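Report on one structure; see the data block that follows.
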Amino acid sequence: MIRKEAKLVDPLLDPKIEQKPTRDGYGHGVVEAAEKNPNVVVVCADLTDSTRNADFKKKFPDRFVQVGVHEQFLAAGAAGLALGGKIPFITSYAMFCPGRAWEQVRTNIALNEANVKIIGSHAGVSVGPDGATHQAIEDIAIMRPIPGMVILAPCDALEAKKATLAIAEYKGPCYVRFAREKSPVFTTEETPFEIGKAVTLRSGKDVAIIACGPLVYQALVAAEQMADEGLDVMVVNSHTIKPLDEKAVLHAAEACDAIVTVEEHQITGGLGGAVAEYLAKTRPTIQEFVGVPNVFGESGEPNELLRHFGMDAPAIRQAVRKAYKRKTQR
Amino acid sequence: MSHQSDKRIKELELIANTLRRHVIEMVSHAGSGHQGGPLGMADVFAVLYFHALNHDPKNPEWEDRDRLILSNGHTCPIRYAAMAEAGYFPVDELKTLRRLGTRLQGHPERLKLPGSETTSGPLGAGLAQAAGLAYAAKMDKKKWRVFCQTSDGEHEAGLHWEAMLFAGKYRLDNLVCIVDRNNIQIDGRTEDIMPLEPLRDKYEAFNWHVVECNGNDVEAVVAAFEATKSLFDKPICILTHNIPGKGVSYMENNFLWHSQPFKPGEAEAAYAELDAAKKQLKAELAKL
Chain A
1 MIRKEAKLVD PLLDPKIEQK PTRDGYGHGV VEAAEKNPNV VVVCADLTDS
51 TRNADFKKKF PDRFVQVGVH EQFLAAGAAG LALGGKIPFI TSYAMFCPGR
101 AWEQVRTNIA LNEANVKIIG SHAGVSVGPD GATHQAIEDI AIMRPIPGMV
151 ILAPCDALEA KKATLAIAEY KGPCYVRFAR EKSPVFTTEE TPFEIGKAVT
201 LRSGKDVAII ACGPLVYQAL VAAEQMADEG LDVMVVNSHT IKPLDEKAVL
251 HAAEACDAIV TVEEHQITGG LGGAVAEYLA KTRPTIQEFV GVPNVFGESG
301 EPNELLRHFG MDAPAIRQAV RKAYKRKTQR
Chain B
1 MSHQSDKRIK ELELIANTLR RHVIEMVSHA GSGHQGGPLG MADVFAVLYF
51 HALNHDPKNP EWEDRDRLIL SNGHTCPIRY AAMAEAGYFP VDELKTLRRL
101 GTRLQGHPER LKLPGSETTS GPLGAGLAQA AGLAYAAKMD KKKWRVFCQT
151 SDGEHEAGLH WEAMLFAGKY RLDNLVCIVD RNNIQIDGRT EDIMPLEPLR
201 DKYEAFNWHV VECNGNDVEA VVAAFEATKS LFDKPICILT HNIPGKGVSY
251 MENNFLWHSQ PFKPGEAEAA YAELDAAKKQ LKAELAKL
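Going down the list, the sequences are from chains A and B.
FYI, the numbering used here numbers position 67 of the first sequence as 67, with every residue one higher than the one before it.
FYI, the numbering used here numbers position 254 of the second sequence as 254, with every residue one higher than the one before it.
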C-alpha cells in the first residue's frame, strides 16, 4: 500500500491530477536557487524558453550568459566560470549536453571537479514528434562511468524543483535529466527529497519496482492495479541514479526477492544496470528491465511512444508478472 | 632600452636556457613526453613566470593572481620547469614527470598540482575555460587577467573557435591568448595538415586584437606582453612565432621532435649545446 510517509497526493489515481513537465520545476527551482546564492549563473545555448530559463533571464539578466549553439563551449566555458567562483547551471537538450559535449564534461568539468550543474532537458522518448535525433535515451549510460558525477532523474515537476535547489547547495558536478512532456505531479512539498536517498512510495512483498523519472507514476499506477491480481508490489523512487542508494536497493531485494527496474532510457547502462551491478555482487536477485531495448527512438506522440517501446503501465505490469513468475517457479 | 633592462632581458634569456635544460632532463628521464613545443616556448615561459604574470609561487591560490591556462597540456614540461624555477615546488621534483604517484602528470591536473589552474590535454578546450574564467572575473569586477597558452595545431579544433566567438562577443579584454605559432603538429607541418593562415586575419575577423612577435626573442616577447596592457575592449591574441626545438640544433624545425624518445647520446648532445649557450649568456651578462 501507498506509504503515508511518502506524502503523495490523494487521490493518487485521479484522472484530473495536475500535469506539468519536470523542466518547469527546474525553471522555478533555478530562480529560487539564484535568489539564495549570488554565484548561481545560467548558461544557455540558444534554447532559453524551452529549457525554462526565461524567468531567470528576466530576473537576473546580468547572471544569464548566452553562448549560442556551442554545446562544447557550454561545458568547457562553464568549467572556467566555476574555477572563477561561479555555480553555472548549463542548460541544453540532454542530447547536446551532455551528449555532444561529453568529453568536455568528463575532462574539463568532472576531472577538474568544477562545480558545474548540467541540466539536460528533453530527455527520454517522450520528446515525441521531434524523433530519434532529439530523444536522449543514452545520457545516463554516458554519465554513470564518470567518477564523482551525481546523476538525478526527478519524478515530477515538484521533485524537479527540489532537485534543482539541492544541486545548487551540493558542491561538485551534477547531471539532472528533465523531460519536455507534461506528467502527473503526484508528490507534495512534504514528500522527502535528499540526494542519494531513494524513497519507498509503496510498500509490498511480492515484487519491488525501482524506478526513476516521470515513469515512477506509471509504476505506481501499475502497482495499484496489480492488487486486483493479488500481487503486492513495492515501488521505490530512485531519483538519484548515482550515487545509488544501495541500502534501499538491498532492502527492496530482501523484502521482495524480485526486482523490476523502470526508466525512460536505454536498458543498457541505465538505472537497471546500476541496480543489477550492485545486486550481482551483494545479493543476486531476479530482475526484469523496463526501458528502451537498444533501439533508436522515432517520431510519435509521447504516450504512443511509451506504449510502443514497452514503458507504460501495462508494460510494467507485464514485467512484474514475469519477475514474480520467475521467482515462484525457481 | 636602458642598461638595466638590457640586463633584465639577459637574465630572462638565462632563465629560458635553464628551462630548456630542465625540459631535456625531464623528458629524457621519463622516457616519453614532448620536447619540440616546450623548447620553442621556453622564452615565452621565462617571460610569463619571471616578468608578465602577477603571481605568488608561495601562495598558488592567491585570489588576485593572474591565471595561466595551459591549453595544449602536452607541453607541460616547460610549465613545470618554469613553476619549479619560480619556486612553486622543488626543482628536484621535476624528475618525477610521468611517474606513478607524481604531481607532474603527463598532462597537467589542477587537483594534483596547485598553480596549474586547470586540467588539460584534449586539444582545443583551454581557451573556452580561460574565457569562462575571464567572464567570471568581469562579473565580479576583478582586476586579474587570464592568459591562455595554445598551440597552433589545436586551432583546428572547433571548440577553440567557439571560444573565440564568445570572447569576441563579450569583449573580454582581460583575456590574452598566446599562440605557439611553430607551424608543426604530430603528423607534419600545420599548413600541410590543415592550413591555418591567414591566422592573424582570422583573429581580427573574430573581433580580437592581435600582437605579433618573434617568440624566441625575449626582448620582443617582453614588448608584446607590455603592449597588451594598453589594448582594451577586445580580447587579445599574441601570435608568438617560434622555432620548435629552439636551442637544440638537431631538433629545430623538425616536426618529428614534437615528441619522440631520445636515442643514446642525443640528450647529452643537447646538454652540451645548451651549456655552451649558457656560458656565452653568462659572459654577456657580466659585461652589462
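The C-beta atom is built at its ideal place from N, Cα and C for all residues, glycine as well.
All figures in this text were calculated on a predicted structure; none of them were measured in a lab.
Terminal residues of the beta strand (DSSP E) in which residue i lies
i        : result
A/Ala208 : Val207 to Ala211
A/Ile118 : Lys117 to Ser121
B/Asp43  : It is not in any beta strand (DSSP E) - B/Asp43 instead sits in the alpha helix (DSSP H) that spans Ala42 to Val47.
A/Lys242 : Thr240 to Lys242
B/Gln149 : Val146 to Ser151
A/Val176 : Cys174 to Arg177
B/Gln260 : Neither: B/Gln260 is in no beta strand (DSSP E) and is coded neither H nor E.
A/Val65  : Phe64 to Gln66
A/Val150 : Val150 to Leu152
B/Asp173 : Element bounds for B/Asp173: n/a, residue is neither H nor E.
A/Lys336 : Because residue 336 of chain A is not part of the residues shown, which for chain A are 1 to 330, the question remains open.
For residue i, the first and last residue of its enclosing alpha helix (DSSP H)
i        : result
A/Gln135 : A/Gln135 -> no alpha helix (DSSP H), and no H or E assigned at all.
A/Phe56  : Ala54 to Lys59
B/Met139 : Gly126 to Met139
A/His251 : Glu246 to Cys256
A/Val199 : Per DSSP, A/Val199 belongs to no alpha helix (DSSP H); it is in the beta strand (DSSP E), Val199 to Arg202.
A/Leu8   : Run containing A/Leu8: none; DSSP gives neither H nor E here.
A/Thr328 : Ala313 to Thr328
A/Gln225 : Leu215 to Met226
A/Leu158 : Ala157 to Glu169
A/Gly291 : Taken as a continuous stretch (DSSP letters only), A/Gly291 belongs to no alpha helix (DSSP H), being part of the beta strand (DSSP E) at Ile286 to Val292.
A/Thr191 : Taken as a continuous stretch (DSSP letters only), A/Thr191 belongs to no alpha helix (DSSP H), as it is neither H nor E.
A/Thr91  : Per DSSP, A/Thr91 belongs to no alpha helix (DSSP H); it is in the beta strand (DSSP E), Ile87 to Tyr93.
A/Pro302 : Pro302 to His308
A/Val233 : Taken as a continuous stretch (DSSP letters only), A/Val233 belongs to no alpha helix (DSSP H), being part of the beta strand (DSSP E) at Val233 to Asn237.
B/Lys278 : Glu266 to Lys287
Presumed contact (8 Å Cβ cut-off) between residue i and residue j, rounded CB distance
i        : j        : result
B/Met26  : B/Leu94  : 5 Å
A/Ala76  : A/Glu298 : Contact flag wrong, Cβ pair sits at about 32 Å.
A/Ile87  : A/Asn39  : 5 Å
A/Tyr93  : A/His28  : Not really, about 19 Å apart at Cβ, beyond 8 Å.
B/Leu274 : B/Arg21  : 5 Å
B/Asp152 : B/Asp180 : 6 Å
A/Ala274 : A/Leu244 : 5 Å
B/Arg67  : B/Trp144 : 7 Å
B/Gly36  : B/Asn72  : 12 Å between Cβ atoms; not a contact.
A/Thr22  : A/Phe193 : Wrong, their Cβ atoms sit about 13 Å apart, outside the cutoff.
A/Val320 : A/Leu231 : 7 Å
B/Arg171 : B/Asp233 : 5 Å
A/Ser50  : A/Ser126 : Actually they do not touch by this definition, with Cβ atoms about 14 Å apart.
B/Tyr210 : B/Leu239 : Correcting the residue identity first, residue 210 of chain B is Val in this sequence and not Tyr. Indeed, because the Cβ distance is near 6 Å, the residues count as touching under 8 Å.
A/Asn112 : B/Arg110 : 6 Å
B/Trp257 : B/Gly245 : 5 Å
B/Ala46  : B/Leu12  : 5 Å
A/Ser19  : A/Lys182 : Note that residue 19 of chain A is Gln in the sequence shown, not Ser. So it is a contact: roughly 4 Å between Cβ atoms.
For residue i, the nearest candidate out of the options (CA to CA)
i        : options                                   : result
A/Arg68  : A/Ala258, A/Val43, A/Ala101 and A/Ala255  : Note on identity: in this sequence residue 68 of chain A is Gly, with Arg being the wrong assignment. Among A/Ala258, A/Val43, A/Ala101 and A/Ala255, the Cα nearest to that of A/Gly68 is on A/Val43.
B/Asp43  : B/Leu104, B/Ile178, B/Lys287 and B/Leu165 : B/Ile178
A/Thr191 : A/Thr261, A/Thr48, A/Glu159 and A/Val105  : A/Glu159
A/Ala157 : A/Ala79, A/Val216 and A/Ile286            : A/Val216
B/Ala157 : B/Arg98, B/Met139, B/Ala128 and B/Gly168  : B/Ala128
A/Lys117 : A/Pro129, A/Asp139 and A/Ala78            : A/Ala78
B/Leu14  : B/Gly124, B/Val218, B/Ser259 and B/Ala269 : B/Val218
A/Lys281 : A/Asn303, A/Asp10, A/Glu246 and A/Glu301  : A/Glu246
B/Lys229 : B/Trp257, B/Val176, B/Asn254 and B/Glu252 : B/Val176
A/Ile267 : A/Val295, A/Ala255 and A/Glu189           : A/Val295
A/Ala223 : A/Asp206, A/Arg52 and A/Gly300            : A/Asp206
Chain-ordered chain E contacts of residue i [CB-CB under 8 Å]
i        : result
B/Ala220 : Of the protein chains in the structure, A and B, none is chain E.
Under 9 Å, CB to CB, which of the residues in the stretch 105 to 134 of chain B have a partner in chain A?
Glu109, Arg110, Leu111, Glu117, Thr118, Thr119, Ser120, Gly121, Pro122, Gly124, Ala125, Gly126, Leu127, Ala128, Gln129, Ala130, Ala131, Gly132, Leu133 and Ala134
Contained beta strand (DSSP E) runs [length at least 3] in the stretch 18 to 49 of chain A, N- to C-terminal order
19 to 21 and 40 to 44
Which runs of the beta strand (DSSP E), 3 residues or longer, sit entirely within the stretch 188 to 235 of chain B?
209 to 214
Short-range partners of chain B found in the stretch 38 to 71 of chain A, where Cβ spacing is below 8 Å:
Val41, Asp62, Arg63, Val65, Val67, Gly68 and His70
Taking a Cβ distance cut-off of 7 Å, strictly less, list which residues of the stretch 104 to 119 of chain A are near chain B, in chain order.
Gln104, Thr107, Asn108, Leu111, Asn112 and Glu113
By the 7 Å beta-carbon criterion, what residues does the stretch 273 to 300 of chain A contribute toward chain B?
Against chain B - using a Cβ distance shorter than 7 Å - the stretch 273 to 300 of chain A contributes no residues.
Proximal residues, the stretch 77 to 95 of chain A versus chain B, C-beta separation under 9 Å:
Gly77, Ala78, Ala79, Gly80, Leu81, Ala82, Leu83, Gly84, Gly85, Lys86 and Pro88
Under 9 Å (Cβ pairs) to chain A, residues found in the stretch 196 to 208 of chain B
Those residues of the stretch 196 to 208 of chain B that come within reach of chain A (Cβ to Cβ, closer than 9 Å) do not exist; the list is empty.
Length-filtered (4 minimum) alpha helix (DSSP H) runs lying within the stretch 53 to 132 of chain B
76 to 86
For the stretch 154 to 165 of chain B, enumerate the residues whose C-beta is nearer than 8 Å to any C-beta of chain A, in chain order.
Gly158, Leu159, Glu162, Ala163 and Leu165
Give me the subset of the stretch 137 to 155 of chain B whose CB atoms are less than 9 Å from a CB atom of chain A, sorted by chain position.
Ala137, Met139, Asp140, Lys142 and Val146
What residues in the stretch 185 to 216 of chain A have a beta carbon less than 8 Å from any beta carbon of chain B?
none
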